[in-house]
Amino acid sequence: MKGSTHRRCYCRDAETGKPLGKKCPKLTSRKHGSYSIRQELPPRADGIRRSFSRAGYESIKAAQADLDHIRALLGLADSDDSEGLDQIAELLEKVVDEKAPLPDIEATRRRLSHGLDLTSRLTVGEWLDIWLAGKKGRQSAISRDESNIRVHLQPRIGHLRLDRLRVTHLSEMFEAIAEANVEIAEGNAARRKAFEDLAQIPWKGREPRSLRKAMKAAIAEMDPYRRIVGPATRQRVRSTLRAALNAAIAQQLITFNPAAHVELEAGRRPKALVWTEERILHWKRTGEKPSPVMVWTPEHTGLFLDHVAEDRLYALFHLVAFRGLRRGEACGQRWTDTNLDAGLLTVAKQLVVNGWEVYEDDPKTDAGARTIALDSDTVQALTRHRAQQDKDRKEWESAWVETGRVFTRENGELLHPANVTRRFIELHEELGLPPIRLHDLRHGAATLAHAAGAGLKDIQEMLGHSSITITSDTYTSLLPEADLAIAEAAARLVPRARATAEGVPSGAGSQPGEDDESVPDGAAPWGQIGAATPPSAHAPLTQTAPDEKSEAE
Numbered sequence: 070m071k072g073s074t075h076r077r078c079y080c081r082d083a084e085t086g087k088p089l090g091k092k093c094p095k096l097t098s099r100k101h102g103s104y105s106i107r108q109e110l111p112p113r114a115d116g117i118r119r120s121f122s123r124a125g126y127e128s129i130k131a132a133q134a135d136l137d138h139i140r141a142l143l144g145l146a147d148s149d150d151s152e153g154l155d156q157i158a159e160l161l162e163k164v165v166d167e168k169a170p171l172p173d174i175e176a177t178r179r180r181l182s183h184g185l186d187l188t189s190r191l192t193v194g195e196w197l198d199i200w201l202a203g204k205k206g207r208q209s210a211i212s213r214d215e216s217n218i219r220v221h222l223q224p225r226i227g228h229l230r231l232d233r234l235r236v237t238h239l240s241e242m243f244e245a246i247a248e249a250n251v252e253i254a255e256g257n258a259a260r261r262k263a264f265e266d267l268a269q270i271p272w273k274g275r276e277p278r279s280l281r282k283a284m285k286a287a288i289a290e291m292d293p294y295r296r297i298v299g300p301a302t303r304q305r306v307r308s309t310l311r312a313a314l315n316a317a318i319a320q321q322l323i324t325f326n327p328a329a330h331v332e333l334e335a336g337r338r339p340k341a342l343v344w345t346e347e348r349i350l351h352w353k354r355t356g357e358k359p360s361p362v363m364v365w366t367p368e369h370t371g372l373f374l375d376h377v378a379e380d381r382l383y384a385l386f387h388l389v390a391f392r393g394l395r396r397g398e399a400c401g402q403r404w405t406d407t408n409l410d411a412g413l414l415t416v417a418k419q420l421v422v423n424g425w426e427v428y429e430d431d432p433k434t435d436a437g438a439r440t441i442a443l444d445s446d447t448v449q450a451l452t453r454h455r456a457q458q459d460k461d462r463k464e465w466e467s468a469w470v471e472t473g474r475v476f477t478r479e480n481g482e483l484l485h486p487a488n489v490t491r492r493f494i495e496l497h498e499e500l501g502l503p504p505i506r507l508h509d510l511r512h513g514a515a516t517l518a519h520a521a522g523a524g525l526k527d528i529q530e531m532l533g534h535s536s537i538t539i540t541s542d543t544y545t546s547l548l549p550e551a552d553l554a555i556a557e558a559a560a561r562l563v564p565r566a567r568a569t570a571e572g573v574p575s576g577a578g579s580q581p582g583e584d585d586e587s588v589p590d591g592a593a594p595w596g597q598i599g600a601a602t603p604p605s606a607h608a609p610l611t612q613t614a615p616d617e618k619s620e621a622e
């Protein structure tokens with residue numbers, strides 16, 4: 070297509086005031102006037118001609134460079150690619166109208182090859198929508214990414230141009246989230262205080278009723294309780310953004326991923342703690358849990374299982390408490406993967422909750438697909454549960470829904486995992502046990518196995534962890550009784566000449582079988598909820614008898 074450069078000035082005739090143009094006598098000097106360019110563009114669909122014109126170049130070299138740039142842009146589309154040529158022509162027309170710099174040739178080539186609109190500036194929000202729409206994988210992971218984008222990324226950085234996103238933008242975003250956390254905490258505290266004050270106002274009397282009405286109106290205007298965005302959540306938000314930006318790099322839309330370089334506080338997994346007597350007293354006084362993840366003692370677990378022995382979900386709770394299945398794995402367990410005669414259970418499927426919808430999926434990780442051994446008590450519990458299910462099948466007759474699941478509703482339909490959690494909370498609150506989550510029974514199973522002498526590798530395989538680090542750092546807690554026995558055993562290894570408080574030299578002079586007030590290995594009683602609580606029938610099953618050889622040592 071035709072294109073040219075020319076020089077012109079803006080001198081005017083002194084008499085007429087008209088521009089002199091090429092007739093200006095000063096044009097003989099190369100320093101007089103400026104250079105302009107003009108390039109024909111592909112005509113519109115209706116045949117109307119269009120062109121690119123720009124003036125103000127100080128030298129012919131600068132003008133020719135831009136003209137070559139425009140021709141290179143036009144050369145990105147083949148001569149028979151009418152759609153591509155039209156896109157480039159619209160882009161150049163927009164550059165003229167906005168008096169913007171010429172677009173980068175390589176960036177335009179990438180956008181054209183990926184079918185992106187050349188006349189728009191792709192924003193972070195637009196790219197996140199494109200990336201999420203094409204994302205493959207587990208529905209739960211996609212839903213988590215969608216939530217991170219909708220709640221955090223779109224409102225804060227969605228308006229920014231993708232190619233201009235910088236580390237400073239992300240640092241400011243996470244600082245703003247931290248500042249919002251302070252406001253959320255203050256709002257939650259104010260709402261909690263208002264409810265406490267409302268509870269102190271008497272119900273009877275005209276003035277108290279009027280005051281209660283005013284306080285209820287004030288509470289209604291307050292922000293609802295909101296969750297603070299913790300370090301782990303912020304890490305997940307960054308992970309979502311980093312994955313999306315890596316995909317943009319793969320498509321050559323950007324060359325740098327700022328999400329990989331922003332610094333955040335480490336999202337540490339909470340350590341599971343055992344409900345000792347001291348922690349229970351603190352919880353009763355303040356209502357605060359010492360840790361988000363709490364583990365019952367064997368006595369607590371036994372009392373709970375005794376309490377729910379007649380509940381139709383007893384076998385499920387028993388299985389989770391002793392063998393550590395995830396909630397979705399227990400709800401999705403099939404009879405075809407359960408061999409009660411051999412005492413083996415294969416985890417092959419799980420039920421996953423997305424919003425409120427439930428669907429079947431493979432285990433969470435490759436390590437989650439595993440086969441675990443069942444103790445005799447668990448086999449008996451499952452056997453009784455199977456007999457009850459067969460009875461229910463006969464009672465419902467043709468209305469029975471055959472899902473093949475071990476744990477179902479009364480008519481055979483799938484269990485909703487959220488309803489299992491709700492039932493678990495109802496049952497342990499009836500008994501007045503210290504609060505734990507249903508998932509914490511899984512932590513308790515790891516702790517019981519650890520106390521029974523199982524190695525970390527065995528516990529990892531039982532729980533289906535992909536990393537033994539998760540097993541050791543998060544899921545195994547040392548029971549106080551086992552910790553005390555270890556401490557006593559370690560103390561007895563060191564011979565002492567100095568007398569103890571009882572007047573007997575420590576580590577010397579005692580023989581097996583003599584009276585000894587020190588705590589032998591495994592002989593310490595389990596912590597109890599209260600003095601009036603009767604011992605659980607399940608408790609002896611979780612205790613290990615003292616080893617005679619180690620006790621003599």
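Per the numbering used here, the very first residue in the sequence shown carries number 70; after that it's consecutive. No residue lacks a Cβ here, since even glycine has one placed at the ideal position from N, Cα and C. Since this is a predicted model, take the numbers as computed values, not measurements.
Can you tell me whether DSSP reads residue i as helix, strand or coil?
{"i": "Cys78", "result": "coil"}
{"i": "Arg439", "result": "strand"}
{"i": "Ile270", "result": "coil"}
{"i": "Ile505", "result": "coil"}
{"i": "Gln321", "result": "coil"}
{"i": "Ile139", "result": "helix"}
{"i": "Phe476", "result": "coil"}
{"i": "Arg123", "result": "strand"}
{"i": "Gly72", "result": "strand"}
{"i": "Ser579", "result": "Confidence in Ser579 is poor, its pLDDT being 43 and thus under 50, which makes the residue's placement unreliable; the coordinate value appears in the next sentence. Correct three-state label for Ser579: coil."}
{"i": "Val236", "result": "helix"}
{"i": "Arg107", "result": "strand"}
{"i": "Tyr428", "result": "strand"}
{"i": "Met363", "result": "strand"}
{"i": "Leu197", "result": "helix"}
{"i": "Leu562", "result": "coil"}
{"i": "Leu385", "result": "helix"}
Between residue i and residue j, what straight-line distance do the alpha-carbon atoms span, to the nearest angstrom?
{"i": "Gly194", "j": "Asp214", "result": "13 Å"}
{"i": "Leu333", "j": "Val364", "result": "30 Å"}
{"i": "Arg113", "j": "Ala124", "result": "24 Å"}
{"i": "Val588", "j": "Phe391", "result": "Its pLDDT being 40, under 50, Val588 is placed unreliably by the model, and the measurement read from it follows with that caveat. Val588 and Phe391: Cα-Cα distance of roughly 27 Å."}
{"i": "Ala518", "j": "Leu201", "result": "41 Å"}
{"i": "Pro327", "j": "Lys262", "result": "42 Å"}
{"i": "Ala287", "j": "Gly274", "result": "20 Å"}
{"i": "Gly437", "j": "Gly473", "result": "20 Å"}
{"i": "Thr237", "j": "Trp196", "result": "19 Å"}
{"i": "Arg235", "j": "Ser216", "result": "22 Å"}
{"i": "Gln402", "j": "Asp375", "result": "24 Å"}
{"i": "Pro564", "j": "Ile555", "result": "17 Å"}
{"i": "Ala558", "j": "Gly412", "result": "36 Å"}
{"i": "Val362", "j": "Thr405", "result": "33 Å"}
{"i": "Lys92", "j": "Asp198", "result": "57 Å"}
{"i": "Glu624", "j": "Arg119", "result": "Because the chain spans 70 through 622 in this model, residue 624 falls outside it and cannot be assessed."}
{"i": "Gly256", "j": "Tyr294", "result": "8 Å"}
{"i": "Pro503", "j": "Trp344", "result": "7 Å"}
{"i": "Ser148", "j": "Thr74", "result": "24 Å"}
{"i": "Ala456", "j": "Ala210", "result": "38 Å"}
{"i": "Thr366", "j": "Gly513", "result": "8 Å"}
Buried or exposed: where does residue i fall if 16 or more other Cβ atoms within 10 Å of its Cβ makes it buried?
{"i": "Leu562", "result": "exposed"}
{"i": "His221", "result": "buried"}
{"i": "Phe386", "result": "buried"}
{"i": "Lys433", "result": "buried"}
{"i": "Asn12", "result": "In the structure as shown, the chain begins at 70 and stops at 622. Residue 12 is therefore absent and cannot be evaluated."}
{"i": "Gln529", "result": "buried"}
{"i": "Val470", "result": "exposed"}
{"i": "Asp292", "result": "exposed"}
{"i": "Glu84", "result": "exposed"}
At a Cβ threshold of 7 Å, is residue i touching chain C?
{"i": "Gln304", "result": "Protein chains in the displayed structure number just one, and chain C is not present."}
Under 8 Å by Cβ, that's how I've got residue i and residue j pegged, so tell me the actual separation to the nearest angstrom.
{"i": "Leu443", "j": "Leu414", "result": "6 Å"}
{"i": "Val165", "j": "Leu171", "result": "About 10 Å separates the two Cβ atoms, so there is no contact after all."}
{"i": "Arg492", "j": "Leu382", "result": "6 Å"}
{"i": "Ser105", "j": "Ser128", "result": "Not really, about 12 Å apart at Cβ, beyond 8 Å."}
{"i": "Arg311", "j": "Ala329", "result": "6 Å"}
{"i": "Leu187", "j": "Ile139", "result": "With a Cβ gap of about 14 Å, Leu187 and Ile139 do not count as contacting."}
Closer than 6 Å: is that where the CB of residue i sits relative to any heavy atom of the ligand MG?
{"i": "Ser535", "result": "No copy of the ligand MG occurs in the structure displayed, which carries no ligand at all."}
Can you confirm whether the segment 328-348 touches the segment 295-313 when touching is taken to mean that 3 or more C-beta pairs between the two stretches lie within less than 8 Å? Flag = yes, the segment 295-313 and the segment 328-348 touch.
Three CB pairs or more closer than 8 Å across the segment 451-465 and the segment 249-258: The segment 451-465 vs the segment 249-258: no contact.
Quick one: any contact between the segment 413-429 and the segment 471-487, if contact means 3 or more CB pairs under 8 Å? With the cut-off at 8 Å, the segment 413-429 and the segment 471-487 touch.
Within 8 Å, do at least three Cβ pairs link the segment 352-362 to the segment 405-419? Cβ pair count under 8 Å is below three, so no.
Inter-stretch contact at 8 Å, needing at least 3 Cβ pairs: the segment 140-160 / the segment 94-102: Judged by Cβ distances under 8 Å, the segment 140-160 makes no contact with the segment 94-102, as fewer than three pairs qualify.
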